[in-house]
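All residue numbers for the sequence shown refer to my numbering, where the first residue is 48 and numbers rise by one.
Built from N, CA and C at the ideal position, the CB exists for glycine as well.
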Amino acid sequence: MSTNRWVLPLSWAAVLLDGFDLVVLGTVLPVLLQDEVWGLTPASASIVSTVGLVGMMLGALAIGTVTDVIGRRKALVLAVASFSLFTLLCAFSPSVLAFGLLRFLAGIGLGGCLPTAIALVNEFSHVDRRGRSTTFIMTGYHVGAVFTALLGIVVIPSFGWRALFVIGAAPALVLVPLMWRTLPESRAFEPAPVKDVIGSIFKPGLVRATLAFWVASFMGLLLVYGLNTWLPQIMRAAGYPLGAALSLLLTLNIGAVIGLLVAGYVADRFGVRRSTTAWFALAAVALALLSVKLPGVGVYAAVLVAGCFVFSAQVLVYAYVGRVYSDANRATGLGWTAGVGRVGAICGPLLGGALLTAGVAYPWGFYAFALVAALGAGAVFAIGSRTRVDA
Numbered sequence: 048m049s050t051n052r053w054v055l056p057l058s059w060a061a062v063l064l065d066g067f068d069l070v071v072l073g074t075v076l077p078v079l080l081q082d083e084v085w086g087l088t089p090a091s092a093s094i095v096s097t098v099g100l101v102g103m104m105l106g107a108l109a110i111g112t113v114t115d116v117i118g119r120r121k122a123l124v125l126a127v128a129s130f131s132l133f134t135l136l137c138a139f140s141p142s143v144l145a146f147g148l149l150r151f152l153a154g155i156g157l158g159g160c161l162p163t164a165i166a167l168v169n170e171f172s173h174v175d176r177r178g179r180s181t182t183f184i185m186t187g188y189h190v191g192a193v194f195t196a197l198l199g200i201v202v203i204p205s206f207g208w209r210a211l212f213v214i215g216a217a218p219a220l221v222l223v224p225l226m227w228r229t230l231p232e233s234r235a236f237e238p239a240p241v242k243d244v245i246g247s248i249f250k251p252g253l254v255r256a257t258l259a260f261w262v263a264s265f266m267g268l269l270l271v272y273g274l275n276t277w278l279p280q281i282m283r284a285a286g287y288p289l290g291a292a293l294s295l296l297l298t299l300n301i302g303a304v305i306g307l308l309v310a311g312y313v314a315d316r317f318g319v320r321r322s323t324t325a326w327f328a329l330a331a332v333a334l335a336l337l338s339v340k341l342p343g344v345g346v347y348a349a350v351l352v353a354g355c356f357v358f359s360a361q362v363l364v365y366a367y368v369g370r371v372y373s374d375a376n377r378a379t380g381l382g383w384t385a386g387v388g389r390v391g392a393i394c395g396p397l398l399g400g401a402l403l404t405a406g407v408a409y410p411w412g413f414y415a416f417a418l419v420a421a422l423g424a425g426a427v428f429a430i431g432s433r434t435r436v437d438a
């Protein structure tokens with residue numbers, strides 16, 4: 048039986064699994080590098096990270112539009128099933144080549160999951176609560192990330208890094224059948240030709256917003272993936288032990304969950320454009336302050352604050368997209384925003400890898416990330432306060 052009450056929890060659960068993938072590579076990379084698994088180096092690890100993100104980019108660009116053609120329900124189930132299968136197979140990778148290929152294939156499904164889930168939830172939410180609905184969905188992303196960081200601390204020393212991928216894929220055995228049985232199709236969905244759907248995001252009055260969303264998403268996802276992939280290694284470069292570095296990754300994502308719960312309310316109360324601009328600006332300040340090495344609990348507090356603003360800034364971009372585009376092209380707008388943003392997701396790990404290879408990741412990595420956040424604020428501000436179609 049399909050009922051509306053399943054939309055929010057099942058979409059949240061799907062995004063939680065997406066969040067697992069966000070952090071899993073950053074969690075296992077220090078071990079793979081330390082043990083020289085497959086002869087892995089920082090350079091080759093960056094390549095593996097990149098091919099997975101290329102898959103996500105292609106998945107978002109394709110499935111976001113397919114969602115507006117075949118429907119939200121089918122696209123979301125397909126995305127979750129595919130990335131879970133390929134994540135499971137990562138546990139049995141015999142070589143770095145196979146591992147990279149599987150990360151690419153998993154990335155295609157992952158890229159389609161997020162825009163589809165957000166579009167579906169937006170269309171079952173009251174217009175005055177869409178900011179909170181979007182940020183609530185994204186708490187699943189970071190709960191998954193927090194859970195993965197905890198699993199990494201507990202599981203890797205006892206069972207090895209491969210076990211982490213098996214654990215991450217297992218929930219799909221329950222989630223996929225449940226989604227297929229209970230998720231309703233969007234009430235606003237009407238099949239449309241691909242050409243018309245894509246063209247609709249460039250119609251008069253939307254071109255500037257579309258391009259600005261792409262720039263903001265590029266900057267936001269560069270921050271998210273750059274920090275989640277390389278924060279443990281950057282902190283190790285600053286002199287922190289591996290256990291503390293992984294704990295800081297956990298702290299970063301706890302901060303993300305807190306920030307999301309606050310950001311959604313603020314966006315609905317004070318306006319999504321104003322809130323998104325402020326969140327990017329505050330992320331820039333917080334990241335710059337991380338360049339100061341703090342003792343004891345101070346560093347955890349600083350990372351927690353940075354997490355509050357860095358991750359929810361990107362999510363507020365999605366909430367803003369949900370307000371600007373209509374029901375007919377919302378998934379396409381979200382998909383292309385996320386897809387183009389995945390180029391930033393690719394650049395983030397590459398930037399971190401380059402800084403680590405050059406031996407200047409600490410403190411210059413944080414200055415670089417702060418500049419990226421400032422550029423994101425500028426892009427959102429440039430959209431203009433009058434660009435509102437569905438709000």
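- Fewer than three pairs of CB atoms, one per stretch, sit closer than 8 Å, so the region 106-115 makes no contact with the region 282-291.
- In this structure, Leu270 places its C-beta atom within 9 Å of the C-beta atom of Leu334.
- Secondary structure of Gly343 (DSSP, three-state): coil.
- Listed in chain order, the alpha helix (DSSP H) runs fully inside the region 326-408 are 344-371 and 377-405, counting runs of at least 4 residues.
- Nearest to Thr97 by C-alpha distance, out of Val190, Leu149, Arg120 and Val193, is Leu149.
- Taking the C-beta atoms as reference points, Ala360 is found nearer than 9 Å to Ala420.
- DSSP assignment within the region 133-187 yields the following whole alpha helix (DSSP H) runs of 4 residues or more, N-terminal first: 143-170.
- Measuring C-alpha to C-alpha distances from Gly102 to each of Ile393, Leu87 and Thr163 identifies Ile393 as the nearest.
- The alpha carbon of Phe356 has as its nearest neighbour, out of Val368, Leu341, Leu336 and Lys340, the alpha carbon of Leu336.
- In this structure Val407 is exposed. Its beta-carbon is surrounded by fewer than 16 other beta-carbon atoms within 10 angstroms.
- Within a 10 Å sphere around the beta-carbon of Trp411 sit fewer than 16 other beta-carbons, which makes this residue exposed.
- Residue state for Ala429 is assigned as coil, using DSSP reduced to three classes.
- Ala285 and Met185 have their C-alpha atoms some 30 Å from each other.
- For Thr88, the secondary structure class from DSSP, reduced to helix, strand or coil, is coil.
- In the DSSP assignment, Phe265 falls within the unbroken alpha helix (DSSP H) covering Val254 to Ala284.
- Of the residues assessed, Leu220 falls on the exposed side of the cut-off, its CB having fewer than 16 other CB atoms within 10 angstroms.
- Nearest to Val223 by C-alpha distance, out of Ile301, Leu80, Leu125 and Lys340, is Leu125.
- A straight line joining the alpha-carbon of Ile305 with that of Val364 spans about 17 Å.
- In this structure, the CA atom of Phe260 is about 34 Å from the CA atom of Ala145.
- When secondary structure is reduced to three states using DSSP, Ala303 falls in the helix class.
- Between Ala61 and Arg119, the gap from beta carbon to beta carbon reaches 9 Å or more.
- Take Val95, set aside five residues on each side of it, and the residues of its chain with a beta-carbon closer than 7 Å to its own are Val143, Phe146, Gly147 and Arg150, in chain order.
- Distance from the Cα of Arg370 is smallest, within the candidate group Tyr414, Thr229 and Val168, for Val168.
- Val54 sits buried, since 16 or more C-beta atoms from the chains shown fall within 10 Å of its C-beta.
- Nearest in C-alpha terms to His173, of all of Trp85, Asp374, Thr276 and Leu64, is Asp374.
- In this chain, the alpha helix (DSSP H) harbouring Leu211 covers Arg209 to Ala216.
- Residues of the same chain with a CB within less than 8 Å of the CB of Ala328, apart from the 5 flanking positions on each side, are Ala420, Ala421 and Ala424 in chain order.
- In the DSSP assignment, Trp227 falls within the unbroken alpha helix (DSSP H) covering Ala219 to Thr229.
- Under the three-state reduction of DSSP output, Asp82 falls in the coil class, being neither helix nor strand.
- With a contact defined as Cβ atoms closer than 8 Å, Ala378 and Thr163 qualify at about 6 Å.
- Secondary structure at Gly318: coil, using DSSP grouped into helix, strand and coil.
- Your pair Ala385 and Ser264 checks out as a contact, with CB atoms roughly 6 Å apart and the cut at 8 Å.
- In this structure, DSSP gives Tyr287 a state outside helix and strand, which the three-state scheme calls coil.
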